[in-house]
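Chemist: Got a structure for you, questions after.
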């Protein structure tokens with residue numbers, strides 16, 4: 663991702679603000695991304711018509727993160743695969759290959775990672791930019807809080823309602839929930 667942004671003349675924060683829809687893309691952004699990707703601006707503006715981007719990723723750490731997301735949803739891997747099969751069978755096949763990988767790296771369509779993070783309601787960068795320590799720390803803290811809330815009996819968890827909280831604050835809430843005496 664860093665190389666693409668560099669070729670497009672964008673900083674990571676500039677790109678993320680647009681990719682997260684907090685600020686709109688402008689035509690210069692679209693043209694710069696298209697040039698960096700070697701596609702037409704129309705393909706960038708209409709992702710469904712664009713060719714998919716494949717990336718080589720480390721299998722084991724990424725598979726561990728996907729399994730962590732599955733656990734955070736209190737479901738099984740087959741539930742994730744069923745969801746992906748409904749949305750995009752090719753993505754489901756890619757996810758299966760990642761989770762079954764016996765090699766150090768696998769080649770994946772970036773779309774499968776986006777679909778998994780969307781399903782798990784975590785930032786896409788948690789899987790696509792696994793070197794971003796800040797995103798990893800915050801996401802892991804949210805997952806820890808999710809687990810603690812589920813253990814405390816919450817059936818539905820909406821993290822957007824929490825707003826911006828530091829990973830330390832999220833972990834403190836999780837510890838507090840786990841240290842409460844059981845309800846009688």
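Numbering (the working numbering), first residue to last: 663 to 846.
Note that the Cβ used here is the ideal one computed from N, Cα and C, for glycine as well.
Just the Cα atoms here: how many angstroms apart are residue 774 and residue 728?
Modeler: Residue mapping note: residue 774 aligns to position 112 of the chain shown, counting from 1. Residue mapping note: residue 728 aligns to position 66 of the chain shown, counting from 1. Near 11 Å, if we compare the C-alpha coordinates of residue 728 and residue 774.
Chemist: Check whether the Cβ atoms of residue 777 and residue 750 lie closer than 8 Å to each other.
Modeler: On the chain shown, position 115 is the one that residue 777 refers to. On the chain shown, position 88 is the one that residue 750 refers to. Yes, the pair counts as a contact, with Cβ atoms nearer than the cut-off.
Chemist: Out of 832, 788, 834, 809, which has the shortest C-alpha to C-alpha gap to residue 726?
Modeler: Locating residue 726 in the chain shown gives position 64, where the first residue counts as 1. Checking every option, the nearest Cα to that of residue 726 belongs to 788.
Chemist: Quick one: residues in its chain with C-beta nearer than 8 Å to the C-beta of residue 736, no 5 flanking neighbours on either side, listed in chain order?
Modeler: Within the chain shown, numbered from 1, the residue matching residue 736 stands at position 74. If we look at residue 736 and ignore the five residues flanking it on each side, its Cβ neighbours are 812.
Chemist: Assess contact between the stretch 663-677 and the stretch 692-704, defined as three or more Cβ pairs (one per stretch) separated by less than 8 Å. Is contact present?
Modeler: With the cut-off at 8 Å, the stretch 663-677 and the stretch 692-704 touch.
Chemist: For residue 705, name the three-state secondary structure that DSSP assigns.
Modeler: Looking up residue 705 in the chain shown gives position 43. Correct three-state label for residue 705: helix.
Chemist: Cutting at 8 Å between CB atoms, please list the residues of its own chain near residue 738, excluding the five before and the five after it.
Modeler: Taking the chain shown and counting its residues from 1, the one referred to as residue 738 is at position 76. Same-chain partners within the cutoff: 732.
Chemist: List the residues that DSSP assigns as beta-bridge partners of residue 720.
Modeler: Reading the chain shown from its first residue, position 58 is the one you call residue 720. BP columns for residue 720 point to 767.
Chemist: How is residue 735 classed by DSSP in three states: helix, strand or coil?
Modeler: Translated into positions along the chain shown, residue 735 becomes position 73. DSSP places residue 735 in coil when its eight states are reduced to three.
Chemist: Using a Cβ-Cβ cut-off of 7 Å (strictly less than) and excluding sequence neighbours within five positions of residue 720, which residues of its own chain qualify?
Modeler: Your numbering for residue 720 matches position 58 in the chain shown. Excluding sequence neighbours, residue 720 sits near 766, 767.
Chemist: Roughly how many whole angstroms lie between the Cα atoms of residue 836 and residue 794?
Modeler: Here residue 836 corresponds to residue number 174 of the chain shown, with the count starting at 1. Here residue 794 corresponds to residue number 132 of the chain shown, with the count starting at 1. Each residue's Cα considered, the two are about 23 Å apart.
Chemist: To which residues of the same chain is residue 677 closer than 7 Å at the C-beta, ignoring the five residues directly before and after it?
Modeler: Taking the first residue of the chain shown as position 1, residue 677 is located at position 15. Excluding residues within five positions, the ones whose Cβ falls inside 7 Å are 667.
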